[in-house]
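4 protein chains.
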Amino acid sequence: MDRTAPAQEIARTAEQCRNWGRWGDDDVLGTLNFIDDAKRLEAARLVRTGEIHSLAQAFDTNGPQKGWRRRTNPVHTMTDTGADAENGTQGFPNGMGGADDVIAMPLQCSTQWDGLGHIFDRGKAWNGRRAGVTVTSDGDLVTGIQTAAANLVSRGVLLDLGRVLQGEIGADYPELPDGFAITEAHLEAAIDRQGESARVGRGDILLIRTGQYARTRRDGWGDYAGGPAPGLSFTTAPWLHRTEVAAVATDTWGFEVRPNEFDDAFQPLHQVVIPNMGLFIGEMWNLESLAEACAAERRYDFLLSAPPLPITGAVGSPINPVALR
Amino acid sequence: MDRTAPAQEIARTAEQCRNWGRWGDDDVLGTLNFIDDAKRLEAARLVRTGEIHSLAQAFDTNGPQKGWRRRTNPVHTMTDTGADAENGTQGFPNGMGGADDVIAMPLQCSTQWDGLGHIFDRGKAWNGRRAGVTVTSDGDLVTGIQTAAANLVSRGVLLDLGRVLQGEIGADYPELPDGFAITEAHLEAAIDRQGESARVGRGDILLIRTGQYARTRRDGWGDYAGGPAPGLSFTTAPWLHRTEVAAVATDTWGFEVRPNEFDDAFQPLHQVVIPNMGLFIGEMWNLESLAEACAAERRYDFLLSAPPLPITGAVGSPINPVALR
Amino acid sequence: MDRTAPAQEIARTAEQCRNWGRWGDDDVLGTLNFIDDAKRLEAARLVRTGEIHSLAQAFDTNGPQKGWRRRTNPVHTMTDTGADAENGTQGFPNGMGGADDVIAMPLQCSTQWDGLGHIFDRGKAWNGRRAGVTVTSDGDLVTGIQTAAANLVSRGVLLDLGRVLQGEIGADYPELPDGFAITEAHLEAAIDRQGESARVGRGDILLIRTGQYARTRRDGWGDYAGGPAPGLSFTTAPWLHRTEVAAVATDTWGFEVRPNEFDDAFQPLHQVVIPNMGLFIGEMWNLESLAEACAAERRYDFLLSAPPLPITGAVGSPINPVALR
Amino acid sequence: MDRTAPAQEIARTAEQCRNWGRWGDDDVLGTLNFIDDAKRLEAARLVRTGEIHSLAQAFDTNGPQKGWRRRTNPVHTMTDTGADAENGTQGFPNGMGGADDVIAMPLQCSTQWDGLGHIFDRGKAWNGRRAGVTVTSDGDLVTGIQTAAANLVSRGVLLDLGRVLQGEIGADYPELPDGFAITEAHLEAAIDRQGESARVGRGDILLIRTGQYARTRRDGWGDYAGGPAPGLSFTTAPWLHRTEVAAVATDTWGFEVRPNEFDDAFQPLHQVVIPNMGLFIGEMWNLESLAEACAAERRYDFLLSAPPLPITGAVGSPINPVALR
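Chains as they are written, first to last, in this note's numbering: chain A, 12 to 336; chain B, 12 to 336; chain C, 12 to 336; chain D, 12 to 336.
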């Protein structure tokens with residue numbers, strides 16, 4: 012990989028990993044096409060104890076966002092409260108009282124999916140569509156996240172890179188340092204060491220734990236939103252393509268390693284995998300309790316249910332993914 | 012039931028169905044305590060084909076809300092679009108382009124859960140807490156919906172009252188008319204006729220289809236938000252208590268029959284079951300495709316995954332529930 | 012005017028009234044350039060009694076908006092209340108208590124100015140700039156409303172067409188009927204009948220009262236937002252150009268007559284006067300109390316102060332214009 | 012002043028400065044009652060050159076707010092853009108194109124007025140009303156800012172403490188240091204030194220420039236929102252009461268000196284002057300260009316027009332105040 016030639020590397024890798032037309036001209040699902048009934052049935056059969064883990068970070072004003080691209084933390088306000096109910100100012104009879112609330116938030120403020128309309132490559136959206144007429148101010152007119160409302164439940168697999176690599180990088184915690192680029196070799200090593208339940212294949216939703224989120228819980232958010240972070244190397248694109256995973260999520264803000272590996276680029280792996288491969292990416296997931304449970308039992312696959320909110324035309328969605336083991 | 016004495020009937024029924032203290036003084040989960048690992052394992056084992064149904068209505072400006080209590084439809088706006096990406100005005104290198112978005116919405120605008128802080132009875136919130144210090148302008152400080160982030164996955168059971176009663180009420184469609192009060196007898200009849208897979212018990216999440224949502228898809232929203240509707244009779248409270256269901260959701264705006272059955276009351280069944288029983292209520296669910304699949308196969312139970320977004324302090328949450336069969 | 016040939020008529024009128032380059036290539040103010048210190052001094056000297064009129068409609072959920080182009084009524088919510096203060100849940104010492112609030116609103120939801128970036132003509136914004144790079148998802152990068160923060164105070168003149176024409180149209184109220192197109196002849200007649208204080212010239216801010224807002228106060232909003240309305244005829248563009256007014260505001264939703272006068276057009280007068288002439292347009296003003304005062308005294312000019320909120324990059328602004336007489 | 016006894020000092024000063032009942036039991040205007048037609052006429056006559064100054068700070072995401080009490084910076088988003096217009100995806104005929112926008116913001120995010128419902132003293136709002144039933148989740152039901160829509164235009168007077176005291180405090184810039192408490196003696200000295208046009212009396216709107224805002228323009232926002240700042244001493248309350256000013260605004264976040272002068276208090280001067288005196292307070296004003304003009308000409312009074320947006324029930328309002336000289 013030539014770090015001085017991002018445009019060329021991106022173009023080459025995009026071509027290599029491109030799935031345009033693979034599921035027809037009208038496709039809106041990309042790699043979610045890899046998930047079918049059989050896959051979901053396989054996933055449901057992984058449940059052995061009924062134990063559940065929520066994989067969401069909190070949605071509140073104490074979040075990591077600092078306003079970049081107008082991404083703020085969510086603002087939740089009450090339109091009615093218990094205090095009003097006590098005071099009898101709500102106008103309901105018989106001692107009835109109520110509380111109601113509203114929220115204003117970027118769809119990328121906390122745990123989320125990137126939709127296929129979230130990233131473009133040289134003016135093209137997923138399946139080769141023109142970006143400018145696909146995602147307008149009215150939203151994503153073609154691949155809006157609501158089209159994937161029933162498609163993000165599958166077998167989940169956790170690759171806990173933070174734990175797997177802790178020894179060889181000599182870390183105090185099971186966490187990768189900021190700037191650490193996870194390569195194909197690291198991914199394959201993780202699968203090997205974690206064993207059979209960690210094999211990754213068609214239709215799986217792959218969860219990659221770096222440990223960075225655990226670090227923020229200890230040290231504060233710092234530059235979690237956009238700053239240096241461990242993450243996938245740009246060079247993993249072909250592996251992601253070859254394994255035919257349906258989606259990949261990480262416990263970091265930006266999925267790929269930061270700073271990015273080119274001298275001048277911005278999230279180049281996004282640029283390849285979303286518009287070209289049609290891959291769904293999840294970010295800012297909380298994989299902590301799940302990772303502990305997996306490690307304790309050395310069992311790394313589970314039923315993952317992470318359907319997006321069907322917000323018409325959205326290019327992303329806040330979610331509360333749950334893993335059932 | 013004396014329809015002229017709502018305060019008395021509410022007080023009596025509340026006392027009869029009250030679960031305060033049942034799970035300790037600090038409890039924040041109410042009837043969700045009925046769901047345990049064994050229950051979730053039972054639920055996962057119901058999956059036979061891997062077929063999935065999203066039970067959410069759309070989240071967009073074409074929704075049913077008309078502004079009552081400042082409940083508007085969601086407003087989704089883009090902070091970056093494909094058109095900007097094409098124009099090269101986004102400042103990214105190498106042909107990278109992106110789209111981003113934000114949403115402003117009442118948490119009760121579309122398919123949702125009512126949290127335990129949503130309704131009060133004579134100044135008391137769930138478990139007997141003082142409403143005014145439990146749910147303030149800072150949100151629900153005790154029973155915020157984030158406390159239930161990992162608790163709304165269980166066995167789901169659909170009771171399709173619209174279909175079951177179509178014959179005896181002589182309806183053109185499998186839909187109950189507005190104002191139709193579903194009683195305990197109707198519920199038991201539905202269980203009987205639907206058969207073994209429709210039995211309702213401890214920890215189940217009960218889905219009640221009235222058919223009203225199907226009607227709005229045919230005729231327009233009309234007064235779906237707050238107007239006349241089929242729904243549960245106030246008199247079903249003891250049955251809901253006795254069956255020990257964990258949660259109940261309907262395809263209507265307001266769960267209970269409207270107009271309410273008292274001369275002067277507002278959502279009296281809410282007033283009993285949320286603060287007194289600790290029951291989670293879901294509203295505005297889209298049960299159509301699930302109901303068709305269940306009817307076709309005469310199999311009415313499934314794995315239901317409907318975790319709320321963990322919005323800190325929220326008294327409700329938008330959701331995309333999915334049923335796996 | 013050929014009502015079957017809107018494109019041709021618009022192109023011809025746009026060319027006739029175009030002010031591109033008149034104030035230099037970098038101009039961001041358009042006709043506001045007509046207002047100078049002398050004009051403001053003249054305006055201040057019109058004040059004789061110190062009487063004041065607020066010309067704003069209310070900003071609340073009971074407004075006219077119905078969601079077209081996601082234009083909702085404003086949603087105002089409290090983040091702290093007096094009820095919380097009483098309960099002592101706010102954490103302040105010494106009996107201190109506070110209330111705070113937030114608002115979410117379209118900038119065009121109630122009384123407002125259209126900024127110069129609000130309308131484009133065949134891909135061109137004010138002064139001939141390319142629309143696509145002038146107003147992006149980041150807002151109006153050139154003519155954002157903040158550039159006019161100190162430019163919307165001048166001599167105001169009220170032309171009360173509703174009153175002036177009441178007799179000859181035989182109306183029960185001093186109000187023009189919906190669909191009534193105000194022509195140059197009507198405007199000149201109004202000036203004649205109202206007298207010297209109603210003369211209109213360079214740098215004035217012209218307020219045109221149709222009476223439609225008064226009708227909504229009597230009859231309800233109805234289709235105030237976008238429906239039939241009295242308003243300026245497309246044919247008044249040259250007059251608006253010739254008089255060199257700095258801005259024009261009406262008591263209607265849309266400034267120009269609706270339905271528009273062409274078989275197929277949408278707000279064609281906007282299309283001419285905003286991007287071509289550089290004219291600021293105000294809409295949804297409440298001219299009622301001012302009109303009564305003017306009529307009573309037969310004095311129609313005043314100091315008008317209507318500065319926009321300097322929202323960076325906005326293409327419009329909510330305002331509370333005040334007239335000082 | 013005993014800095015260890017805030018509750019006692021607050022109670023004593025509140026009693027001393029209390030205006031409850033002064034304008035009747037139903038009053039909603041407080042000290043704005045001091046402004047009458049004669050006062051506005053006097054103000055208009057101060058205009059000599061027609062020169063205008065906007066006194067607003069910007070409204071955008073690059074503002075000072077950091078999320079305290081959910082006070083974020085404004086989030087402005089486009090619902091239609093010029094890029095869409097160019098692409099012809101808006102659905103308008105004849106080459107018509109449009110841009111539209113929305114904003115979500117705390118009403119206290121930038122240049123603003125505090126309404127009378129913004130602060131309470133021991134459970135009481137302005138005029139002795141009960142806080143809990145005056146300002147509920149539905150907003151300020153009595154003294155909502157819309158009641159002052161036509162009342163905030165008057166004679167403005169600038170006291171430029173930053174300039175007046177620069178010499179004696181030996182400052183490099185005409186700016187008071189953070190933590191500097193402006194006393195009655197300072198105010199009187201400023202009036203003396205600035206001369207006749209700086210006299211302060213009944214119905215005036217007093218603008219106090221500390222210079223802190225100028226410092227943030229040079230050094231960055233830092234802790235402008237809530238951190239250390241120059242401002243009025245708690246001890247100025249009787250002076251504010253005695254002079255019968257209608258309103259007071261500063262170029263700081265919080266009007267009064269910070270840290271506050273008591274060991275344990277939060278904005279104690281607010282607690283006295285808003286609910287007890289009925290005084291309108293303005294914060295985060297940009298007085299820079301006005302101050303330079305006043306200093307150059309040694310003329311410190313002007314016509315000030317600063318009407319709030321009439322947001323029904325609001326306890327504050329964003330504004331763009333303008334001074335006409």
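Yeah, the Cβ is synthetic: ideal placement off N, Cα and C, and Gly gets one too.
| Item | Value |
| --- | --- |
| Between E53(B) and the rest of its own chain, which residues show a CB-CB distance below 8 Å, the 5 nearest in sequence each way excluded? | R166 |
| Going by other Cβ atoms of all chains shown within 10 Å of its Cβ, with 16 needed for buried, is D71(A) buried or exposed? | buried |
| Nearest chain A C-beta to Q119(B) closer than 8 Å, yes or no? | yes |
| Excluding sequence positions up to five away, which residues of its chain have a Cβ less than 7 Å from the Cβ of A142(B)? | F131, G134, K135, A136 |
| Please report the residue range of the beta strand (DSSP E) in which E199(B) lies. | Unbroken run through E199(B) is the alpha helix (DSSP H), 195-205; no beta strand (DSSP E). |
| From this set, L198(B), Q68(B), A182(B), which residue's C-alpha is nearest S244(B)'s C-alpha? | L198(B) |
| Taking the alpha helix (DSSP H) that A18(A) falls in, what are its first and last residues? | 17-28 |
| Let me check understanding here. Comparing Cα to Cα, which of D312(A), V259(A), R336(A), P270(A) lies closest to G206(A)? | D312(A) |
| Hey, quick one: how far does the beta strand (DSSP E) through S328(B) stretch, first residue to last? | 327-329 |
| Fully enclosed by the stretch 115-145 of chain C, which alpha helix (DSSP H) runs are 4 residues long or longer? | 142-145 |
| From P270(A) to G155(A), what does the alpha carbon distance come to, in whole angstroms? | 29 Å |
| Kindly indicate which residue of N138(C), Q119(C), T92(C), R226(C) has the alpha-carbon position closest to the one of V144(B). | T92(C) |
| At a CB-CB cut-off below 8 Å, which residues of chain A make contact with A192(C)? | Here the premise fails: no neighbours, minimum Cβ distance about 31 Å. |
| Within 8 Å of any Cβ in chain D, is that where the Cβ of A94(B) sits? | yes |
| Give the straight-line distance between the Cα atoms of T111(B) and G74(A), rounded to the nearest whole angstrom. | For clarity, residue 111(B) is Asp in the given sequence; the question names Thr instead. The alpha-carbon atoms of D111(B) and G74(A) are separated by roughly 18 Å. |
| Closer than 8 Å, CB to CB, is V113(D) near chain C or not? | yes |
| M89(C) touches chain B at which residues, Cβ-Cβ below 8 Å? | S148 |
| Is it the case that the Cβ atoms of I46(A) and G214(A) are separated by a distance below 8 Å? | yes |
| On the CB-based measure, 16 or more other CB atoms within 10 Å of its CB, does A171(D) come out buried or exposed? | Note that residue 171(D) is Asp in the sequence shown, not Ala. D171(D) comes out buried. |
| If you measure beta-carbon to beta-carbon, which residues of the stretch 314-332 of chain D are closer than 7 Å to chain C? | L314, S316, P318, P319, L320, P321, I322, T323, G324, A325, V326, G327, P329, N331 |
| Measuring alpha carbon to alpha carbon, tell me which residue in A317(A), N84(A), G78(A), D151(A) is nearest S121(A). | N84(A) |
| Which bits of chain B does V86(D) rub up against, with CB to CB less than 8 Å? | V113 |
| Taking the Cβ atom as the reference point for each residue, do L118(B) and V113(A) lie within a distance shorter than 8 Å? | yes |
| Specify the secondary structure class of S316(C) as computed by DSSP and reduced to three states. | strand |
| Could you tell me which uninterrupted beta strand (DSSP E) segments, each at least 3 residues in length, are contained entirely in the stretch 227-305 of chain D, listed from first to last along the chain? | 258-261, 291-294 |
| Under three-state DSSP, which class holds F7(A)? | The question about residue 7(A) has no answer, for chain A in this structure spans 12 to 336. |
| Exposed or buried, what is Y184(A) when buried is set at 16 or more other beta-carbons lying within 10 Å of its beta-carbon? | exposed |
| What are the boundary residues of the beta strand (DSSP E) that includes I180(C)? | Note, I180(C): premise wrong, no beta strand (DSSP E); alpha helix (DSSP H) at 177-180. |
| Could you tell me which residues DSSP puts in a beta bridge with G335(C)? | The amino acid occupying residue 335(C) in the given sequence is Leu; Gly does not appear at that position. Bridge partners of L335(C): I63(C), L314(C). |
| Is the stretch 176-196 of chain B touching the stretch 31-43 of chain C in the sense that three or more CB pairs, one from each, lie closer than 8 Å? | no |
| Pull up the distance between the alpha-carbon of E272(B) and that of R14(B), whole angstroms please. | 6 Å |
| Please list, in chain order, the residues of the stretch 241-258 of chain C that have any C-beta partner in chain D closer than 7 Å. | none |
| Report yes or no: do three or more beta-carbon pairs, one from the stretch 94-104 of chain C and one from the stretch 238-257 of chain C, lie closer than 8 Å? | no |
| Please report how far the alpha carbon of G237(C) lies from the alpha carbon of G265(C), in whole angstroms. | 7 Å |
| When the distance is taken between beta carbons, is L320(C) closer than 8 Å to P319(D)? | no |
| Thinking C-beta only, is V58(D) closer than 8 Å to A55(C)? | yes |
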